[in-house]
Structure formats: structure tokens, C-alpha cells
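> Protein chains in written order, with the numbering used here: chain Z, 11 to 396; chain U, 24 to 364; chain W, 88 to 642.
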């Protein structure tokens, strides 16, 4: 039992949405003065196919030079929202502003070619009949020959593929094609770059590395970009700010760290990272009583004293401690190289997760001692039928 | 459609077992450049009278000739029928025909219209006179083929392409009469007088003249006869506006070609084939040609249809047609040089 | 690994497929080779004469004709294919299949009907003269029977080849590629020209080459219109000058044209590839065209349909009614039976051969096999008459040799075994139309990824079993298309039928020709209409099968 005042400074959450929210803002009833500064401002946008709403009432904004991410399971509406920004889907209501200019709204739907929004597709969609150089210069019709050559050379250099200009797409590896697609979209210096699951056809190992490389390239060019993905690691590796979507709505916007440690609702808690929900009862505004003891957080958990609820327990919140009186039975384990992820059964039958260094090798059925180390409590009230 | 299906299956089976069947009854096999429409009724009548079955393939004469040549002595064909003397001559030259001696044929067909050695026999005459639009041209203005190159006809003549065998044989007849040099000059003059570039067939020339595009049309008479009896009103009306002028009556006579027949070298039904030849040169058949297709009988004295009779009698060019066959190639080259399309 | 092993053994010695396919291709190429063989026969001074007089006309007119048909079929075929695939407008569903109807219309028949309609003496000009009191020379009217007229006639009936293949290509295109172009600042039109069109190029070129080969082989239309082309030149040299060798040499020159076309296309492609890099095909959301745009699209599609089918078919029907009583007898139905039977038999045989050749090429894509397959398909560009001569000569020779040997050995005469039989005629059809089936089967096989062959082989299937259990079910659509295309082509075929058919055997096309050659268009109309109607059912089936195949496409 610790005094909240003794919480280590590092465990305190960094300043939240309120202070950093300028750049990538969700669920603001009114964008207010940020409209002017935002490179992309989406306000109250809904998109529907044949009367079925796919995206409903989304607000989002992004400042210049930032990389945002729409993260969510398939069918959550993230790609549709992206295509609405690009101009491929008309909005049913709401407005979209790009670089201070309205591109979509009631009675207004600028065609894609008039929006200055670059796009990278899931399968890259390189033009197979054009060389790499001509793919990259495809959107540079407004430049003269020399300027085009310069810009293409500059971009190929940027993505580390100088000298590949005369090749055809089919002669390149998947990763190279990916970078060419990126360079092609960046070439006309669009107001925003839209990346639709750009890494999904890559090997899992390559994805994070590529995502970091792409981030590097975007930052060097100073591009503003939105990434759509269902892979949180990709999102963490690449984006400055992440918006978690499901059912056509945005649930939460924040950094990867925020989403993991401070999920705004059960969906985000469940979708980001691993963890289990442990039932408990609020003792006061700091503490919860649970099967594994009285847990205390650094900050208020938000439940009324006496209310029943559930606490989010991440695998790293549970520590293995042979000396601890609290015992749990190993029911499953997954080897992760440096660690084991153990599934442990408590006396009540409730299963919790625990991350342990892999030299602690325990067999299934064995009982081991555990200790709880939570900095703050993320608690959700029981959904009552009322 | 059970009928259609039945034939479908039959044709399929035929395709698999398409071998020549052994010949049982008396029959005669014909390669004919006369279209089915213009020979089958006669053949049917012949079969009825004699009990000899006639098998027929129609086609273009050169193709039939090629087929005959490739098949050689084994060819099933007994008779080759063409619509032009040039091809009969060519068949003889190619060695795919044989001589026939038949008193009946020799008496029925004047010498000019059969091969002196008996390799082929003309069966009908096809005259190629000048036709003019009644009211726009007076018959006195017309005289000879040669006159058609005169400047007064500038832009007033319709004639079909030099691809056509009747034009080729007409030019051949001019070469025979006037010599190659004069004929080439004539052809150039004629081309200069054309109302339009040559196109279409003989009926088209008559239609164009009747509609006002030109004043003279060169065409075989049986086309005009066919138009006069056509199912389409516009053909009948156009034909009614045209008159026939027989050129060169003071000289050698109007140009005629023949449709004719030759016995093949390997004929297996020689007797039946000659019997058919004799039938086709007989009065009954000769009258049928005149009635049905407006062609002139191969010899004078055979009754002809009222349509033909109305155009009057004419003097035909007496040249032996073999000569036209010989000159055919030269005629084509000459027309090429004259720019006759 | 399995395929690797196969490649190794194949290098060591030619496999049975190589030998079989090469032998088959050689047999099919025989008529063309016979024609080419005439190159060795001296034709004498005829060439000097031709060169001095008409050869230039033949070349120039043929080139203009090809150029004109290229433009006509591209605008008609690609334009309609794009509208049908990518846009939504009134009547789209109807046009989707109706645009193929002109395919059922033989070029020579459409030429006859338009001449009848639009010639100086025809009803249109006569009516104009009647209304305005004009006479000859008082007004200008486009001349149907001219080079431009021939271009229009051929384009009207040949554009469906381009439409057919271009539409399939557009439907198969990855939409992402088109979307990318939009985000890079290109409007829908520019996107069409810079991305969609180049990507569909192989399909469009394939359709165009079919149309151009048909153009080069056409005799009926150009002859009737008085346009001197290579084909009419061949006939004139053969018939008029009586010089078979020179005629065959002209035909060989014609083949040179075709080779040149194919070569140019290959060269212009160089390194570029056109198969889609994408595996993902979204459902197409057609761009709605409303107001005057919708009407313009409707008009654009209505134009080729009206002039390529409705007007000529209407004219034929009107003529046919005039003479119906006299012509629709038992003999007429026998003609229908012959035509359908021949077309069906030839279509099945062509399909089988195309399958064997295409599959052999897939199994052992050696240079020898590929060349053999190309040569076997050459007949498509050769006029039917020339093919027929190429069939008559070797068959007659063979028959006479067999007969002579049999007489000498067994004192038994076999006569002519092949010449003058339906077998010879069917062989000529195969030589002439195999390319149509082959092209369809090849493109169908091309869509099946080699990994499927390999996994089937790895599962223990022999090559034959792979064909039967994997490819055939996947190819069903392509095979059906090939079958129907050949069927319609044979139905319309005239010159080879005319020359090669056996005794007492006529078809609808022969009937039309005989009457039309005698300039009896009205009498020819019932048979012409029957050809069109018989061709209609397969064309409609074809169209429906392609629409369906979009949904069943292997990804």
C-alpha cells in the first residue's frame, strides 16, 4: 500500500490530450480556432453506402508536419474515412478542410485530382507499364523536364533507391515497390499524404522496420500524413498521434503510450496491448478492493466509492515473486524469447496474465507466487442494465 | 426445331465419315460456275427424263479449275461448266479436259461457239451491248464500242470494274479486232469518259444510269431481263427506263461471250456426261435459259422469251471465242495500264 | 522443384508435348506453307507489270484500310467498353450485350445492304432528290462504295472484337491504380488515357489484331466497293492474269504485313509488363453519368449498334419479307442445317486443337513450340480462297500418291480420300479460324498462375490430370468463348466453303453469295438474315458468359 504522493515522477502520465491535443484532436464539438492552423481538419464527417452509415460524426485535426494514424479492426470505417479525405467517397454530412481550404461538405465534393492529397495504397498500385522514374514523375505534369528530373532524383535519393529509375516495377522487391509508391505520392508535395495499410503485404518482420524508415522519410520531407492500419505496432512505430476507431466512431486519440496506459474505454483497453479485466469494488477514489488485494493508484480511478467495476491488468502489472504469499496456478505459457507470458489462474478461477523473464521456467500446473505493481488504476464501472 | 437438329447431327456424322461413297446408280458429277439457281432446275428435269442422277458443286470457275487440276485424273468431276469462254480455254490449256465427238453437239452448236478440237462447247450466248437512258440519248448518237472513247461521252458512261470477266473478254475482243495499241488508247478514252469510278455489278450500272448518274451503261442483257422481272419495284422501274443498243452492227457485230461446258480428262461417267451435254444444248434447255435468265440460245431459231424478243435481233461478233480466251491476260494488263480500276 | 526437374529433362531431349505440338502445328500450317512455297516458283514478268501498274494501289489502299479500321474499331470498341465498364447511364445493361450483335453480321452482307440503302439509286438518295427536286450532280452525298465506305463497313462489324477484349481488360483492372492517378492530380479523362488505356493495351491490341487480320482477309466488301487491295489483287492476278504463282506470292506478301504488325507490337512493349501487380479487386462502383452526359453516353453506344446491326438487319428483314413465300422451303432449312452442323463441328474441333496447342505451350514453352503455335495461327489473316488453294493442292497430291501406290501394290484404286470431302472443308476452317480459339484459350491459361500447376503437380497429378482437374474447370469461361467465336466465324465463312464443299452440299453463306453475285439482293436476304439470326444466339450467350465470369474470376 503506497501513498499516492509517493508515486515515482516517471510513472506519472505525461501531460494529456488537453495540452497536446492541438495537433490531432478527437471528439471536439467544435474545432474552434484550430481550423486555421490545422493542415487537415475533419469536422462532424459521416459517410454512408446506400444508406448504411460507415463513418459517423468524426472530428479530427492534424497540424502540419505531423503523422497521424487511424487504427482499428477491419470494417471499422478507417479506410472509408481516408478515402473520403482523398475524395473517393462523398461525405453525407460534415466538412473536410485541407490546408485551410474546404474540399468536402454539404453540396461540395472536390474530385480527388483537385485536392492535393497524395495516396499510397495497400498493394502500392504501381503502374506496371511505366519505369520507376516515370512512376515517380507521374504527378509532376506541372513541372518542366529539368525540374521533373531533379525532383525524381531527389526522391529516389531520399528513399535510398538512386539509380533505379530505369527499372520496371516487376523487377523490384516488395519493399522497394513500397518505397517507390511512397516517393510517387510525395513527389508533387501534396498537402497531405494518405497511406492505406501500406505495410500489410510485407513480412511481419519487415513491417516495423519499414514503418520506421517511412517515418524517417516523411519527417525529412516535412510531410503531413495519415496512416491507416489495423496493426498497433505499425502505428506505434510510425505515428505521432493515433486515433483508435471502431464502428465508424473515434474512441480515443493519443500517443501509443497514452492508449496503452490510459485507455479511455473498454474497447481501447481491449484493442491496444494485452490484458485482462479483474472485477473489484471501489473503496475510495484511489483504491479498489480485488481478489488479489487492495490496489492503489497514483491518481483517482473515477469510480464512486462502493461502486462495482473492473480494473485493467496488463501483463507487466503482475510481477513474479517466489516470496509472495499470493499464489496462482500456471494454466498456459507462451515463450517469447526474453520472456514467458504466463496465464495464471487465481483461486476464483479468474485468469490473469504475467510477463516473466524466461529463465523463470515454470511448468503448466505449477503454482507460483505473484505480486501486483500498478502505478495507476484504469477502472471501468460495471455496465448496469439501467 | 427437330429438322435443324436432325441436319446438325447428320452434318456432324458426315464430317466424320466423309468418304466418297461407291457409285451405284448411273450418275454424272458436275463442277459448275453457273449458280445453283440457274442450273439445278434443268438438271432435275434431265434426271427425271433419263434416270441419271446429277451431283453438283457450284463455285467460282477459277477455284473449280484449281480443284480439278489438283485432283487430277482421280477427280470425281465429269463435266466442268463455266460462264465465260476464257476459263474454258484455260481448262483446255491446263490439260484437264478431253475431246468429245458428238454429231448432235456439232449440229446444235455453231462452230464459232465451240472448240475446234471438241474440248469445250458453248451452251448459251451472253451479249454485252450498250444500254442507254431513253430520252437522254438518241440511238442515232450510238454506233460502236470504239465510239465510247469519243469526247462527247465525257462523264456519261457507267461500267463495272476491270476485275470482271465480261469486261476482260470485251476488251479481248477489241484487241482482236483493233490491235493492242489502239485498244489501250481506247481504254484510256473510256476511263476518261466514266461518270464515276467503277464499282458494283452490271445491275448497279443500270440502276445508276436510270437514276441519272450516267447516260450509258455497259451490261450483259440478262441482268436487264432479270431486273425487268425482279421482285423489287425500284429495279423494275429502273430497267424500264433503259433501252438496248446493239453496237458494231455494220462491222463485226456485238460482243458475245458464252457459258459452256467441257468433259474432264478423267471423267468416269463419260457417256452420261455427253448425254447431259446434248440435253443442255437441246431446244428444251435452250428455251429455258432464255425464259429463266434472259440468255440467248446458242443457235438461231430457238424460241425466246418476249423480253428478249422486244430488244430485236442482232448480229453477234463471229470471232472464234478461243481467241478471246487467249487474249484474256493481255486484256487485264492493258486495263491495268489504262487505269481502269 | 518439380518444374525445375521437368525443365532439365526437357532440355536434354524434346518431350512428347514438344513433338506432338510441333507436328500438329506443322499440319495446320501446311496450307500457309504451300502458299509460301510459291515464293520459290518464278512468276515471270507479271511482277514487273504489277509493280508498274497496280501494286502501289494495293499497298496504299490496304494500308489506308487498316489504318481506318484501326481508328474505327478503337474508337468504337474501346470507347464503348470503357463506358460500359466504368460508368452508369441509361441503357447500360442492354448495351452491355447488345454491342456485340454486329459480330453476327458478315461484312459482305452489311456492304450489300448499305449499298442498297445509300447508293445513288437507293431509297435515301432517291427520296432526297424527290423532296428537293435535285438531279445528279446537284448535291453532295457520301459515296458508300469507296475506301472510306469500306472502312466504315468493316469497322461496324469488327469493333466487337476490340470491345469484347477491352471490356474484359477494364473489368479486370485494379481500381487502386486508377485511384492513384486521381490523387496525383489527373482527372478521369487523363487517367483513362495515361493509365487505364495503356494497361488494357495487350487486350486491346489482341482485339485489334483480330479485326485487322479480318480486314486483310476480307474480299467480299472491298471487291464489291471497287477498292483495290491486296486481297482483290490476289484474285485479279489469279483469275484475270491466270498466274497462280504470282497470286500466291501476293498472298505471301500479305502474310509479311501480318508478321510486321505482330513484330511492331512486340518491339513497342520492350520491358514493360501489363499484368496487374495487384491481387485485390474491389467491386467496381460505376461512375454515374446524368443529364446530357448520360444521353451522350447512350448516343455513343447506340451509334455502332444502330448502324452495325439494327439498320442492316432491318433492311434485310424488309427484303426477306418481300420474297419470303418463295424461299422458305425445305431446301432452305437444309441449308440452315448444313451451316449449323459445319459451324458446330468446326468449333468443337478448333477448341480441342487450341487446347492441345495452348497447353503444350504452357508445359514446354520452348522456342520451337512457341514458334509452331504462332505459325499454326497464321491462317487467320489469309483470305479463305488462298487457304482453300493451300488445302486443295496438298490434299490432291496426297490422294493421288496414295492412289498410285495402292494401284501399284494391290492393284486397287482408292481414288480421292480427302479431296472434295467435308473433312477437307473442316480442315480449312481449322486453319483459318484456329487463331481465334487459340488466342482465347491462351489468355485464359495465362490467368491461371503457375503456382496452381505446381501445387497440383506436387499433389501427385500428371500434366494431363492437371489439365482435367484444375485448368478445365477454371477455363470454362474461356473455352465457351472460343467455341462461340469460332462457331460464328464459320457460319459467316464463304470463300473456302465455296471452293471445298462436296457435291450437293450448300450452306447459307453460299446461297447468299450466289444470289448476291447475281445482284439479286432481295432474294439473298432470307439466307443472309438466317446467318445473322443463327449467329445471334451464340453472340448473346457469349456476352452473358463474360458478364458472369467477372464474378467467378480467379484472383
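Glycine included, C-beta positions come from ideal geometry on N, C-alpha and C. Keep in mind it's a predicted model, so treat the numbers as computed, not measured.
So with CB distances below 7 angstroms, who are the chain W contacts of residue 123 (chain Z)?
Position 113 of the first chain, counting from 1, holds the residue named residue 123 (chain Z). Within chain W, the residues near residue 123 (chain Z) are 269, 272, 273 and 274.
> Could you check if residue 21 (chain Z) is buried or exposed, using at least 16 other CB atoms within 10 Å of its CB as the buried criterion?
Along the first chain, read from residue 1 onward, the residue named residue 21 (chain Z) stands at position 11. Residue placement at residue 21 (chain Z) cannot be trusted, given a pLDDT of 41 that sits under 50; the coordinates are not used to answer.
> Is it buried or exposed for residue 204 (chain U), if we count other Cβ within 10 angstroms and need 16 for buried?
Here residue 204 (chain U) is taken as the residue at index 181 of the second chain, counted from 1. Residue 204 (chain U) is exposed by the Cβ-count criterion.
> So which residues on chain U does residue 310 (chain W) lean against when the C-beta distance must stay under 9 angstroms?
Mapped onto the third chain, residue 310 (chain W) falls at position 223. Result: 184 and 186.
> Please report the Cβ distance between residue 237 (chain U) and residue 218 (chain U), rounded to the nearest whole angstrom; I am assuming they are in contact, meaning their Cβ atoms lie under 8 angstroms.
Reading the second chain from its first residue, position 214 is the one you call residue 237 (chain U). Reading the second chain from its first residue, position 195 is the one you call residue 218 (chain U). About 4 angstroms separates the two Cβ atoms, so the contact holds.
> What are the residues of the stretch 115-148 of chain W that lie near chain U, defined by any Cβ-Cβ distance shorter than 7 angstroms?
Within the stretch 115-148 of chain W, the qualifying residues are 136, 140 and 141.
> Within 10 angstroms of its Cβ, does residue 324 (chain W) collect 16 or more other Cβ (buried), or is it exposed?
Indexing the third chain from 1 puts residue 324 (chain W) at position 237. Classification for residue 324 (chain W): buried.
> When the cut-off is 8 angstroms and only beta carbons count, does residue 368 (chain W) lie next to chain U?
In the third chain, residue 368 (chain W) corresponds to position 281, counting from 1. Only weak support exists for where residue 368 (chain W) lies, its pLDDT of 46 falling under 50; the value from the coordinates is given anyway. No, residue 368 (chain W) does not count as interfacial toward chain U.
> Just the Cα atoms here: how many angstroms apart are residue 95 (chain Z) and residue 56 (chain Z)?
Looking up residue 95 (chain Z) in the first chain gives position 85. Looking up residue 56 (chain Z) in the first chain gives position 46. Using only the alpha carbons, I get a separation of about 12 angstroms.
> If you drop the 5 nearest sequence neighbours on each side, which residues of the same chain put their C-beta closer than 7 angstroms to that of residue 145 (chain W)?
For this step, residue 145 (chain W) is matched to residue 58 along the third chain. Excluding sequence neighbours, residue 145 (chain W) sits near 315, 316, 317 and 320.
> Helix, strand or coil: which one does DSSP assign to residue 159 (chain U)?
Numbered from its first residue, the second chain carries residue 159 (chain U) at position 136. In this structure, residue 159 (chain U) counts as coil in the three-state DSSP scheme.
> Does any C-beta atom of chain W lie closer than 8 angstroms to the C-beta of residue 209 (chain Z)?
Residue mapping note: residue 209 (chain Z) aligns to position 199 of the first chain, counting from 1. Closer than 8 angstroms: no.
> To the nearest angstrom, how far is the alpha carbon of residue 361 (chain U) from that of residue 213 (chain U)?
Residue numbering aside, residue 361 (chain U) sits at position 338 when the second chain is read from its first letter. Residue numbering aside, residue 213 (chain U) sits at position 190 when the second chain is read from its first letter. The straight-line gap from Cα to Cα measures roughly 9 angstroms.
> The alpha helix (DSSP H) spanning residue 378 (chain W) covers which residue range?
Along the third chain, one-based indexing puts residue 378 (chain W) at 291. Its alpha helix (DSSP H) spans residues 378-392.
> Within 8 angstroms of any Cβ in chain W, is that where the Cβ of residue 287 (chain Z) sits?
Within the first chain, numbered from 1, the residue matching residue 287 (chain Z) stands at position 277. Not an interface residue.
> For residue 285 (chain W), go through chain Z and note every residue whose CB falls closer than 7 angstroms to its CB, in chain order.
As a first step, residue 285 (chain W) must be located in the third chain, where it is residue number 198. Those are 139, listed as they occur along chain Z.
> What would DSSP say about residue 291 (chain W), mapped onto helix, strand or coil?
The residue labelled residue 291 (chain W) in the question sits at position 204 within the third chain. If DSSP states are grouped into helix, strand and coil, residue 291 (chain W) belongs with the helices.
> Taking CB distances under 8 angstroms as the criterion, tell me whether residue 412 (chain W) reaches chain U.
Here residue 412 (chain W) refers to the residue found at position 325 when the third chain is read from its first residue. Closer than 8 angstroms: no.
> In chain Z, which residues lie less than 7 angstroms from residue 264 (chain W) when you measure between Cβ atoms?
By one-based count along the third chain, residue 264 (chain W) stands at place 177. By Cβ distance, chain Z contributes 135 and 137.
> Mind listing the chain Z neighbours of residue 261 (chain W)? Cutoff is C-beta to C-beta under 8 angstroms, in chain order.
Position 174 of the third chain holds residue 261 (chain W). Within chain Z, the residues near residue 261 (chain W) are 133 and 135.
> Decide if residue 287 (chain W) is buried, meaning its Cβ has at least 16 other Cβ atoms within 10 Å, or exposed.
Against the third chain, residue 287 (chain W) aligns to sequence position 200. Residue 287 (chain W) should be labelled buried.
> Spell out whether any CB of chain W is found under 8 angstroms from the CB atom of residue 8 (chain U).
Chain U is shown from 24 up to 364; residue 8 (chain U) falls before or after that span and cannot be answered.
> What number of angstroms, rounded off, separates the C-alpha of residue 249 (chain W) from the C-alpha of residue 160 (chain W)?
Here the question's residue 249 (chain W) lines up with position 162 in the third chain. Here the question's residue 160 (chain W) lines up with position 73 in the third chain. Whole-angstrom Cα-Cα distance: 7 angstroms.
> Mapping the DSSP letters down to three states, classify residue 260 (chain W) as helix, strand or coil.
Mapped onto the third chain, residue 260 (chain W) falls at position 173. It is coil, neither helix nor strand.
> Taking only beta-carbon atoms, is residue 246 (chain Z) less than 8 angstroms away from chain W?
Taking the first chain and counting its residues from 1, one reaches residue 246 (chain Z) at position 236. Chain W, which has no Cβ nearer than 8 angstroms to the Cβ of residue 246 (chain Z), makes this no.
> Report the rounded CA-to-CA distance for residue 377 (chain W) versus residue 175 (chain W), giving the unit in angstroms.
Sequence index remark: in the third chain, residue 377 (chain W) carries index 290 (1-based). Sequence index remark: in the third chain, residue 175 (chain W) carries index 88 (1-based). About 8 angstroms.
> For residue 527 (chain W), which residues of its own chain have a beta-carbon under 6 angstroms away from its beta-carbon, when the five flanking residues on both sides are left out?
What you label residue 527 (chain W) is simply residue 440 of the third chain in a count that begins at 1. Counting only Cβ-Cβ distances below 6 angstroms, and skipping sequence neighbours, we find 565, 568 and 569.
> If you pair each beta-carbon of the stretch 589-597 of chain W with each one of the stretch 448-459 of chain W, do three or more pairs fall below 8 angstroms?
With a cut-off of 8 angstroms, the stretch 448-459 of chain W and the stretch 589-597 of chain W do not count as touching, because too few Cβ pairs lie within range.
> What is the DSSP secondary structure of residue 284 (chain Z), counted as helix, strand or coil?
The count along the first chain starts at 1 and reaches residue 284 (chain Z) at position 274. Coil.
> Which residues in chain Z have a C-beta closer than 7 angstroms to the C-beta of residue 282 (chain W)? List them in chain order.
Counting from 1 along the third chain, the entry for residue 282 (chain W) is found at position 195. Those within 7 angstroms of residue 282 (chain W) in chain Z are 137.
> Which residues does DSSP list as the beta-bridge partners of residue 391 (chain Z)?
Locating residue 391 (chain Z) in the first chain gives position 381, where the first residue counts as 1. For residue 391 (chain Z), which the question treats as bridged, DSSP gives the partners Z:319.
> If you draw a straight line from the alpha carbon of residue 234 (chain W) to that of residue 61 (chain U), how long is it in whole angstroms?
The residue labelled residue 234 (chain W) in the question sits at position 147 within the third chain. The residue labelled residue 61 (chain U) in the question sits at position 38 within the second chain. For residue 234 (chain W) and residue 61 (chain U), the distance between alpha carbons rounds to 33 angstroms.
> Under 9 angstroms, CB to CB, which of the residues in the stretch 193-205 of chain Z have a partner in chain W?
Per Cβ criterion, the list reads 194, 195, 197, 198, 200 and 204.
> To the nearest angstrom, how far is the alpha carbon of residue 585 (chain W) from that of residue 82 (chain U)?
Taking the third chain and counting its residues from 1, one reaches residue 585 (chain W) at position 498. Taking the second chain and counting its residues from 1, one reaches residue 82 (chain U) at position 59. Rounded to whole angstroms, residue 585 (chain W) to residue 82 (chain U) spans 6 angstroms at the Cα level.
> Measure the alpha-carbon distance for residue 207 (chain U) versus residue 143 (chain U) and round it to whole angstroms.
The residue labelled residue 207 (chain U) in the question sits at position 184 within the second chain. The residue labelled residue 143 (chain U) in the question sits at position 120 within the second chain. Using only the alpha carbons, I get a separation of about 30 angstroms.
> Short of 7 angstroms in beta carbon distance, which residues of its chain neighbour residue 89 (chain Z), apart from the five on each side in sequence? Order them along the chain.
Locating residue 89 (chain Z) in the first chain gives position 79, where the first residue counts as 1. So the list reads 206 and 238, once near-sequence residues are dropped.
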